[in-house]
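Taking it in order: structure first as structure tokens, then the write-up.
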């Protein structure tokens with residue numbers, strides 16, 4: 258961003274599998290916005306941080322999903338954390354830090370009702386508003402408590418536990434496995450000897466199949482993502498589906514958007 262312009266990230270070409278630097282996205286420069294561009298009830302936000310999440314890869318594909326695919330030539334959507342630099346709303350003040358679902362731009366105009374004021378607790382960091390206090394933390398909270406219905410004594414397994422939703426190694430866990438290890442499958446079987454009561458799935462593919470093979474009777478599987486398949490030209494199906502019947506497994510998918518009206522509850 259200069260004194261007179263700001264940049265936005267544009268989808269230039271849909272990826273067939275992996276995102277290609279310099280091909281998939283491009284930068285578009287526009288004239289800087291000001292308070293004069295606002296309508297009543299709108300705010301102008303200067304972006305400080307972007308939330309970059311695995312699920313966003315699916316938004317680039319021209320397929321039916323929970324939100325329309327990003328159009329070629331359109332600005333990449335996403336959650337941002339930014340500072341209000343102009344406001345035509347009595348509810349949102351200049352200087353406030355806010356988060357909102359908008360676009361990958363250095364400046365954005367947003368309806369005041371669509372922004373969430375950032376409140377950082379003591380010893381917290383500003384970026385926590387996009388992590389543990391944002392949609393990723395809310396995903397873990399509602400997934401485990403509402404969908405997984407976790408209770409004392411449950412054996413819980415989370416895939417992609419080093420990612421945004423889980424952070425299990427940092428918070429503390431009994432076992433942490435690296436899926437890149439050549440003996441991963443054997444280690445997974447060894448460490449799930451007590452059988453899985455709650456499985457939080459962010460990966461899909463082979464690891465989901467392994468988890469199904471180690472499920473306890475009436476296990477609850479929370480399906481939040483399938484990152485192993487997002488770049489696959491031919492996505493892999495489930496091989497151990499029969500275990501769902503044999504073990505009477507409950508499998509439920511969910512999106513954090515379903516719980517937006519309960520974020521305050523989770524944050525208090």
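Residue numbers (my numbering): 258 to 525. For every residue, glycine included, the Cβ atom is placed at its ideal position computed from N, Cα and C. Predicted, not measured: the structure shown is a model, and the values here were computed from it.
Cβ atoms of residue 454 and residue 411 come within 8 Å of each other, at about 4 Å.
Around the beta carbon of residue 504, 16 or more other beta carbons lie within 10 angstroms, which makes this residue buried.
Per DSSP, the unbroken alpha helix (DSSP H) holding residue 463 starts and ends at 462–470.
At a cut-off of 4 residues, the continuous stretches assigned as alpha helix (DSSP H) that sit fully inside the segment 311–362 are 313–316. In the three-state scheme derived from DSSP, where H, G and I count as helix and E and B as strand, residue 304 is classed as strand. Pairing residue 346 with residue 299 gives a Cβ-Cβ distance under 9 Å. At least 9 Å separates the beta-carbon of residue 319 from that of residue 489.
In the structure shown, residue 402 falls within a helical segment according to DSSP collapsed to helix, strand and coil. In this structure, DSSP gives residue 373 an extended state, which the three-state scheme calls strand. Rounded to whole angstroms, residue 263 and residue 350 show a C-alpha spacing of 22 Å. With a beta-carbon spacing of about 5 Å, residue 348 and residue 369 fall inside the 8 Å limit used to define contacts. In this structure, residue 375 sits near residue 386, with a CB-CB distance shorter than 9 Å. Remark: C-beta atoms of residue 442 and residue 456 do not approach each other more closely than 9 Å.
With fewer than 16 other beta carbons inside 10 angstroms of its own, residue 259 counts as exposed. Between residue 465 and residue 323, the gap from beta carbon to beta carbon reaches 9 Å or more. Look at residue 446 here: in three-state DSSP terms it is helix. In this chain, the alpha helix (DSSP H) harbouring residue 503 covers 499–503.
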